[in-house]
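Since the structure comes first, as structure tokens, the remarks are kept for the end.
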């Protein structure tokens with residue numbers, strides 16, 4: 006399979022802060038690739054280097070086989086970028102923003118208008134396309150922003166936390182657009198701190214923390230790597246502490262809200278957990294054997310470094 | 066050729082943006098310059114006596130140049146705003162020259178400040194300003210005022226790439242521009258200042274520019290004034306623009322976070 010993005014030993018520091026401490030990645034063409042990590046993990050730095058906005062201190066990076074350090078113009082011809090903030094001109098309408106990008110990309114005026122109209126329909130903004138962006142909601146801005154990054158039909162699309170701060174409905178709409186983009190043959194590099202988002206969209210994931218790739222693989226592989234199945238138990242809130250101590254002999258017990266999980270160690274784990282809870286006299290609301298969620302994988306890998314973010318997500 | 070198109074597209078966007086934002090258009094092009102003309106003509110006009118002629122004849126050439134310096138700060142503020150809101154990232158990630166973004170901005174602001182020049186001359190004429198020399202001199206005066214607008218646009222761009230935030234530019238810009246504008250021949254003859262200040266005030270680009278615009282407007286002896294002014298302004302465009310280009314060309318470190 007050909008590679009849309011190749012990164013070798015990429016390093017970048019800002020003053021004394023090490024943003025990237027030697028990152029290696031290979032992103033196959035034609036998929037959504039998730040770059041997952043807490044705030045400050047280095048995700049945005051990776052994207053900015055790949056989009057030629059930032060120079061790496063060391064290492065190499067290629068986008069669609071173009072060296073980002075030496076062939077910036079060729080890279081810029083094949084990429085689209087949507088950052089964390091909608092990069093639009095507030096005073097212009099959504100349509101004018103898209104036409105301007107089209108013209109700057111070298112389309113003739115009629116072609117730029119046609120492409121803008123296409124995208125406006127695709128992102129579902131037909132009714133508000135001719136109002137100034139100033140009047141748009143956050144969700145509408147993001148949709149126009151995504152459309153702006155699609156004007157040049159990029160082969161590689163960078164989406165840097167595209168759904169941060171969006172309401173659930175807008176997030177869902179954006180996810181559908183991202184899916185459609187990949188079906189058209191583009192490669193998408195998606196950064197996110199939302200596990201649900203990458204789990205849902207990405208076919209491969211790299212987990213980044215403190216400027217290093219901690220793990221890489223398909224969501225299934227990462228879940229499997231976090232260990233086998235877990236026993237997940239739900240009890241009433243005031244019994245959580247007791248349940249945790251009852252299960253402690255089985256291994257490392259984790260708690261999230263009223264759910265307690267412990268490694269299952271094979272088929273007998275479930276019955277063992279039930280017996281231990283019964284012996285402790287704890288009434289169980291729900292008990293099940295399941296694979297760990299990406300949240301648990303993430304917490305395992307980042308060693309708690311991203312606990313707050315992950316819990317919020 | 067390609068870059069000219071880019072500059073045109075960016076300039077067009079910026080002009081359209083200002084027209085769409087009435088508070089910008091009205092405040093920057095009309096209210097602020099007109100208020101300066103009227104305020105100084107009527108509030109200070111009675112107290113300030115100038116040799117040969119009325120104060121409005123003396124004042125208006127000064128106000129034209131003063132407005133150009135403020136318009137330059139607006140250029141800086143707008144560039145900093147684009148840097149902050151991520152629009153610059155988008156332009157930089159396109160296969161276009163990043164310099165077109167700034168040059169287009171300066172072209173747009175120069176056009177708008179040319180409009181302000183016309184408005185101020187109109188208002189000045191209503192309250193008694195007249196060009197006292199020929200058409201060529203009048204056009205020369207207007208031309209130098211507009212060139213000053215472009216020059217201070219370049220200065221604004223340098224401030225923007227150094228300070229990067231609208232707040233930084235506002236603070237430093239005004240701290241820098243205010244003294245240099247007031248300690249010049251914009252509002253009063255330099256000869257009325259204490260001698261130590263005269264030594265400074267008579268050697269600034271602002272004074273050189275105002276003196277040239279004023280001599281051309283009033284039909285005073287030109288000596289080397291227009292040449293000196295144009296030399297100052299072009300030298301500033303080259304030096305300040307060069308410094309801005311070097312800094313801006315290397316820019317790309319994360320602007321925010």
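Residue numbers (my numbering), protein chains in the order written: chain Y, 6 to 318; chain C, 66 to 322.
Positions of the beta carbon are idealized from the N, C-alpha and C atoms, including for glycine.
Treat the numbers as computed from the prediction; the structure is a model and nothing was measured.
With 16 other Cβ atoms within 10 Å as the buried cut-off, status of residue i
i                      : result
residue 204 of chain Y : buried
residue 289 of chain C : exposed
residue 62 of chain Y  : exposed
residue 272 of chain Y : exposed
residue 315 of chain C : exposed
residue 88 of chain C  : exposed
residue 113 of chain Y : exposed
residue 313 of chain C : buried
residue 19 of chain Y  : exposed
residue 291 of chain Y : exposed
residue 193 of chain C : exposed
Residue i Cβ short of 6 Å to the ligand NAP heavy atom set
i                     : result
residue 44 of chain Y : Ligands displayed in this structure: none; no statement on the ligand NAP is therefore possible.
Assigned secondary structure, residue i (DSSP; H/G/I helix, E/B strand, else coil)
i                      : result
residue 327 of chain C : As displayed, chain C neither begins before 66 nor continues past 322, which places residue 327 of chain C out of reach and without an answer.
residue 43 of chain C  : No answer is possible for residue 43 of chain C: the residues shown for chain C start at 66 and end at 322.
residue 67 of chain C  : helix
residue 263 of chain Y : coil
residue 241 of chain C : helix
residue 164 of chain Y : strand
residue 82 of chain Y  : helix
residue 276 of chain C : helix
residue 318 of chain C : In this predicted model, residue 318 of chain C has a pLDDT of only 45, less than 50, meaning its place in the structure is not dependable; the value taken from the coordinates is given anyway. Looking at residue 318 of chain C - three-state DSSP - the assignment turns out to be coil, as it is neither helix nor strand.
residue 95 of chain Y  : coil
residue 272 of chain Y : coil
residue 314 of chain Y : The pLDDT assigned to residue 314 of chain Y is 37, lower than 50, so where the model puts this residue is not dependable, and the model offers no usable value.
residue 113 of chain Y : coil
residue 64 of chain Y  : strand
residue 303 of chain Y : helix
residue 237 of chain Y : strand
residue 214 of chain Y : strand
Alpha carbon of residue i to alpha carbon of residue j, nearest angstrom
i                      : j                      : result
residue 124 of chain C : residue 121 of chain Y : 49 Å
residue 130 of chain C : residue 140 of chain Y : 36 Å
residue 215 of chain C : residue 187 of chain Y : 46 Å
residue 46 of chain Y  : residue 25 of chain Y  : 8 Å
residue 265 of chain Y : residue 238 of chain Y : 5 Å
residue 230 of chain C : residue 168 of chain Y : 26 Å
residue 166 of chain C : residue 295 of chain C : 25 Å
residue 255 of chain C : residue 103 of chain Y : 52 Å
residue 348 of chain Y : residue 214 of chain Y : Missing from the structure shown is residue 348 of chain Y; chain Y here goes from 6 to 318 and no further.
residue 210 of chain C : residue 203 of chain C : 11 Å
residue 165 of chain Y : residue 82 of chain Y  : 19 Å
residue 111 of chain Y : residue 100 of chain Y : 17 Å
residue 249 of chain Y : residue 268 of chain Y : 12 Å
residue 131 of chain Y : residue 170 of chain C : 30 Å
residue 207 of chain C : residue 115 of chain Y : 38 Å
residue 262 of chain C : residue 114 of chain C : 19 Å
residue 171 of chain Y : residue 144 of chain Y : 6 Å
Closest by C-alpha distance to residue i, when choosing among the options
i                      : options                       : result
residue 108 of chain C : C:252, C:307, C:259 and C:310 : C:252
residue 55 of chain Y  : Y:44, Y:29, Y:157 and Y:297   : Y:29
residue 99 of chain C  : C:176, C:183, C:81 and C:175  : C:183
residue 17 of chain Y  : Y:32, Y:153, Y:38 and Y:66    : Y:66
residue 284 of chain Y : Y:147, Y:184, Y:247 and Y:225 : Y:247
residue 343 of chain Y : Y:160, Y:249 and Y:125        : Examination of residue 343 of chain Y is not possible in this model, given that chain Y is present from 6 through 318 alone.
residue 233 of chain Y : Y:41, Y:298 and Y:280         : Y:298
residue 77 of chain Y  : C:159, C:119, C:224 and C:259 : C:159
residue 310 of chain C : C:94, C:82, C:126 and C:220   : C:220
residue 243 of chain C : C:136, C:68 and C:70          : C:136
residue 281 of chain C : C:306, C:116 and C:126        : C:126
residue 142 of chain Y : Y:162, Y:105 and Y:95         : Y:95
residue 226 of chain Y : Y:212, Y:135 and Y:216        : Y:212
residue 178 of chain Y : Y:295, Y:129 and Y:90         : Y:129
residue 187 of chain C : C:84, C:103, C:66 and C:81    : C:103
residue 158 of chain Y : Y:185, Y:59 and Y:49          : Y:185
residue 223 of chain C : C:302, C:181 and C:152        : C:302
residue 219 of chain Y : Y:229, Y:287 and Y:306        : Y:306
N-terminal and C-terminal residue of the alpha helix (DSSP H) that residue i is part of
i                      : result
residue 194 of chain C : Note, residue 194 of chain C: premise wrong, no alpha helix (DSSP H); not H, not E.
residue 260 of chain C : 260 to 266
residue 48 of chain C  : Past the boundaries of the shown model lies residue 48 of chain C; chain C is included only from 66 to 322, so the question cannot be answered.
residue 290 of chain Y : No alpha helix (DSSP H) contains residue 290 of chain Y, which DSSP labels as neither H nor E.
Limits of the beta strand (DSSP E) - the one that residue i falls within
i                      : result
residue 33 of chain Y  : 22 to 33
residue 192 of chain Y : 192 to 197
residue 8 of chain Y   : 8 to 19
residue 129 of chain Y : Per DSSP, residue 129 of chain Y belongs to no beta strand (DSSP E) and is neither H nor E.
residue 38 of chain Y  : 37 to 41
residue 221 of chain Y : 217 to 222
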